[in-house]
Amino acid sequence: MSSRTRSRGTRWAAWAGGVLLTAAAFATWHLTPVSTLSYSVAAVRYPFDVHMAVGEPARGRTVIAEVEQVAGAGEVDTGDEVLGGTWVVVDLVLDATGADPRTSLDLAELVIGAATYTPTERLAGTLDGSTVAAGLPRRGSIVFEIPADTAHGSARLRIGDDPLVRLGDRLVLDIDLDELDFDGTVVVEPAAYAEAAG
Amino acid sequence: MEDDSRHHGRAPVRERPEAVAGTAETPVRAFAAALLRRVVGFVRELGVAVWSVLGGVVLVIVVIALLGGFAPAQRAAAELEPLGPGDEYANDQLTVSLSEAAVADDPRVVLDEADVLVTVRMRIRSHDARPLSLTDVFGKTLTLEGADPDELPRMRRVDDGSSMFELQHELAVDVDVSWELPRGTIAPGDAVRVIVSDPFLRQMRVLGDSSYWTGHTPHAVFVLTAHEAAA
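Those protein sequences? They're chains A and B, same order as listed.
First residue of the first sequence: 5, per this note's numbering; consecutive thereafter.
First residue of the second sequence: 1312, per this note's numbering; consecutive thereafter.
Here it is as structure tokens:
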């Protein structure tokens, strides 16, 4: 093979490779769900994930949380009324580290696939949005209403204080929705002060 | 060239018009040949790659022209698709179906006594992957004709009466949406028109990761006959 033929072949291969890579980048860009994008400039300020496990306290920079139980339900009972739907109820104890003088649970979301759910507006007295002070933990629930046909597979709970703080952190809990029973009734009690952890 | 008629003492021969034309043809041909050589040289000099790109651009322009891409823009507002009670309309943002409309002129249910309350019952389902705010829907995607688009209506669930400010992804809810309109602009028996627009989601992916709905284009109109709200 002459050097001229070889250089022409290399040139075509470079062009073909360039076109292929551009097409692959275009496809990746459009097929990747927005919630999983991590290459934008904004990614540099994403909070760090601190992983939680049920029954174990997890400590972030400003928040300490211990998830006591995760339950599915077909009804939630508030004592005043029974609400139908498909529910994910997370019972937890929330405390503040004292790193900030005022800490509130402004971030609470459940991510299922590419969709993000925020706590239901149908219930009052839940923990989301509540303020905690160091040494005065609160016990309560965060309740999500989700479509019945999404109640399977894996989900991720994300909680934390101000989600806009750059390079902050958030507590995350992976939930297997297949392990939850969505037929029963779960009683949801208003958030209240809990005993401080020893 | 020298005229050899002088050397032989003969009268100069006058050139015929055909001969003049024949001698003029040669420089023209020469010029044309030189021009052609220059053009061919230019074409060769640019090379296959440049001409391929130019050919591609021309091809794209031809395809755009064939598809009507250079046709004059249609600036007249499109006619809205008429929809009635129970019809369903879907776009990228939501699916909505309106079932009934009621007018209440009871001063106890309005903030301003000079207003009446128009309540439209609808089933609504958001397709947004993030919780969809009321502010992204009313006055933009769903607009009550005659209402101020900057004034947000109230939205309450039909089943438990709780207020709603966000719609969750693919969670269908039956809601009552209430607007206040100046008294006298609508009465029971009148037509209530709710215009549905199609927005698109603009996503920031490089400098940020936020997204917002924009480019709302009116596409359909629900027409319901208002009845008097139950006391």
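We treat Cβ as the ideally placed atom computed from N, Cα and C, and that holds for glycine.
All figures in this text were calculated on a predicted structure; none of them were measured in a lab.
Item                                                                                                                                                                                    : Value
Mark S145 of chain A as exposed unless 16 or more other C-beta atoms lie within 10 angstroms of its C-beta, in which case mark it buried.                                               : buried
Return helix, strand or coil for D173 of chain A, following the three-state DSSP convention.                                                                                            : strand
For a contact meaning CB atoms closer than 8 Å, what does I150 of chain A contact in chain B?                                                                                           : Q1479 and L1482
L175 of chain A to M56 of chain A, Cα distance in whole Å?                                                                                                                              : 6 Å
Across the stretch 104 to 117 of chain A and the stretch 126 to 137 of chain A, are there enough close Cβ pairs to call them in contact, namely three or more that are closer than 8 Å? : yes
Give me, in chain order, the residues of the same chain whose beta-carbon lies closer than 6 Å to that of G78 of chain A; leave out the 5 immediate sequence neighbours on both sides.  : F186 and D187
Should P1510 of chain B be labelled buried (16 or more other beta-carbon atoms within 10 Å of its own) or exposed?                                                                      : buried
Exposed or buried, which one is D1439 of chain B when buried takes at least 16 other CB atoms within 10 Å?                                                                              : buried
Helix, strand or coil, according to DSSP, for R1473 of chain B in the structure here?                                                                                                   : Note on residue identity: the sequence assigns Ser, not Arg, to residue 1473 of chain B. In this structure, S1473 of chain B counts as coil in the three-state DSSP scheme.
Suppose the cutoff is 7 Å on Cβ atoms and the five residues either side in sequence are ignored; what does the same chain contact list for A1498 of chain B look like?                  : V1414
Suppose you measure from the CA of A1537 of chain B to the CA of E1456 of chain B; what does that come to, to the nearest Å?                                                            : 13 Å
Grouping DSSP H, G and I as helix and E and B as strand, with all else coil, what is P51 of chain A?                                                                                    : coil
Examine chain A for any beta-carbon lying closer than 8 Å to the beta-carbon of M1475 of chain B, and answer yes or no.                                                                 : yes
Looking only at its own chain, which residues have a Cβ that is under 7 Å from the Cβ of W1490 of chain B, when we skip the five neighbours before and after it?                        : V1429, L1455, A1458 and P1464
Could you tell me if D99 of chain A is buried or exposed, where buried requires 16 or more neighbouring beta carbons within 10 angstroms of its beta carbon?                            : buried
Run the CB neighbour count on P1393 of chain B, radius 10 Å, all protein chains shown included, and call it buried at 16 or more, exposed below.                                        : exposed
Give the straight-line distance between the Cα atoms of V1534 of chain B and L1409 of chain B, rounded to the nearest whole angstrom.                                                   : 9 Å
Would a C-beta distance cut-off of 8 Å place H1527 of chain B and T1452 of chain B closer than the cut-off?                                                                             : yes
Taking the alpha carbon of G118 of chain A as the reference point, which residue from A:A17, A:I68 and A:R160 has its own alpha carbon closest?                                         : Reading off the sequence shown, one finds Ala at residue 118 of chain A, where the question assumed Gly. The option with the nearest alpha carbon to A118 of chain A is A:R160.
Enumerated in chain order, which unbroken segments of the alpha helix (DSSP H) with a length of 4 residues or greater are wholly contained in the stretch 1415 to 1496 of chain B?      : 1445 to 1448
Taking a Cβ distance cut-off of 8 Å, strictly less, list which residues of the stretch 1458 to 1471 of chain B are near chain A, in chain order.                                        : R1468, D1470 and D1471
Residues of the stretch 109 to 136 of chain A in Cβ contact with chain B at a cutoff of 7 Å, in chain order, please.                                                                    : A118, A119, T120, Y121, T122, E125 and R126
Around the Cβ of S1474 of chain B, are there at least 16 other Cβ atoms within 10 angstroms (buried) or fewer (exposed)?                                                                : exposed
Please list the partners that E85 of chain A has in chain B, where partner means a Cβ-to-Cβ separation under 8 Å.                                                                       : D1471
Which of helix, strand or coil does DSSP assign to H1538 of chain B?                                                                                                                    : strand
Between P1510 of chain B and chain A, is any beta-carbon pair separated by less than 8 Å?                                                                                               : no
Mark P1493 of chain B as exposed unless 16 or more other C-beta atoms lie within 10 angstroms of its C-beta, in which case mark it buried.                                              : exposed
Just by C-beta distance, which residues in the stretch 1440 to 1455 of chain B are closer than 7 Å to chain A?                                                                          : A1440, R1441 and P1442
Excluding the 5 residues preceding and the 5 following G172 of chain A in the sequence, name in chain order all residues of the same chain whose CB lies nearer than 6 Å to its CB.     : P51
What would DSSP say about A29 of chain A, mapped onto helix, strand or coil?                                                                                                            : helix
Which class does V92 of chain A belong to by DSSP, given the choice of helix, strand or coil?                                                                                           : strand
Determine the extent of the beta strand (DSSP E) in which A77 of chain A is found, giving its start and end residues.                                                                   : V67 to D81
Under 8 Å between the Cβ atoms of V97 of chain A and R143 of chain A?                                                                                                                   : yes
By the 10 Å Cβ neighbour count, where 16 or more other Cβ atoms means buried, how is I1435 of chain B classified, buried or exposed?                                                    : buried
Can you give the Cα-Cα distance for A155 of chain A and A1412 of chain B, rounded to whole angstroms?                                                                                   : 34 Å
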